[in-house]
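Trainee:
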Amino acid sequence: MGIYLVTYDVKDNDRRKEIQATLNSKTETFNSIMLCESSYLIDTTMDIGGIHQIFENKYAQEDSFYTFSIHEMPMGHPANSEVGAWLNEKFKKSIKKWSEIV
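Heads up: the sequence shown is residues 21 to 122, going by this note's numbering.
(1) Can you round the beta-carbon distance between Thr-27 and Phe-50 to whole angstroms, since I take them to be within the 8 angstroms contact cut?
(2) Please state whether the Cβ-Cβ distance between Tyr-68 and Ile-53 is less than 8 angstroms.
(3) Roughly how many angstroms lie between the CA atoms of Gly-70 and Ile-39, to the nearest whole one?
(4) By how many angstroms is the C-alpha of Asp-29 removed from the C-alpha of Leu-43?
(5) Where does Glu-38 sit, in a helix, a strand or coil, going by DSSP?
(6) Going by DSSP, name the residue or residues bridged to Glu-92.
(7) Since Ile-74 contacts Tyr-24 with CB under 8 angstroms, what's their CB separation in whole angstroms?
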């Protein structure tokens, strides 16, 4: 439960599109914003294990060209106090400004 930075590297273009579709979908437990093509900031009620499961179950099946990493933002990090509001405001803040925070 919290804010996570997810980065991935996928050589297969179809697989990349699948991952982006997953990360771009908004649900009650999962909001995200693309920081760049292979990096997303996620605000979720899932724990880090749940996020790992999404990626491992869907995308890591014997794909040697696929790598991803998930980093939890520390509780005192500015992202935790701002990201929820930012995501809910339909991403009105600029990526550049957010990059300065991260």
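Every residue gets a Cβ at the ideal spot worked out from N, C-alpha and C, and that includes glycine.
Mentor: So, from the data block:
(1) On the sequence shown, position 7 is the one that residue 27 refers to. On the sequence shown, position 30 is the one that residue 50 refers to. The pair is not a contact, with the Cβ atoms about 17 angstroms apart (cut-off 8 angstroms).
(2) As a first step, residue 68 must be located in the sequence shown, where it is residue number 48. As a first step, residue 53 must be located in the sequence shown, where it is residue number 33. As written in the sequence, residue 68 is Ile, which differs from the Tyr given in the question. Cβ atoms of Ile-68 and Ile-53: not closer than 8 angstroms.
(3) Here residue 70 refers to the residue found at position 50 when the sequence shown is read from its first residue. Here residue 39 refers to the residue found at position 19 when the sequence shown is read from its first residue. Whole-angstrom Cα-Cα distance: 15 angstroms.
(4) Against the sequence shown, residue 43 aligns to sequence position 23. Against the sequence shown, residue 29 aligns to sequence position 9. If I take the Cα positions, the gap works out to 14 angstroms.
(5) Translated into positions along the sequence shown, residue 38 becomes position 18. It is helical.
(6) Taking the sequence shown and counting its residues from 1, one reaches residue 92 at position 72. In the DSSP output, where bridge partners are listed per residue, Glu-92 has Tyr-24.
(7) Translated into positions along the sequence shown, residue 74 becomes position 54. Translated into positions along the sequence shown, residue 24 becomes position 4. A Cβ-Cβ distance of about 11 angstroms is found for the pair Ile-74 and Tyr-24, leaving them out of contact under the 8 angstroms criterion.
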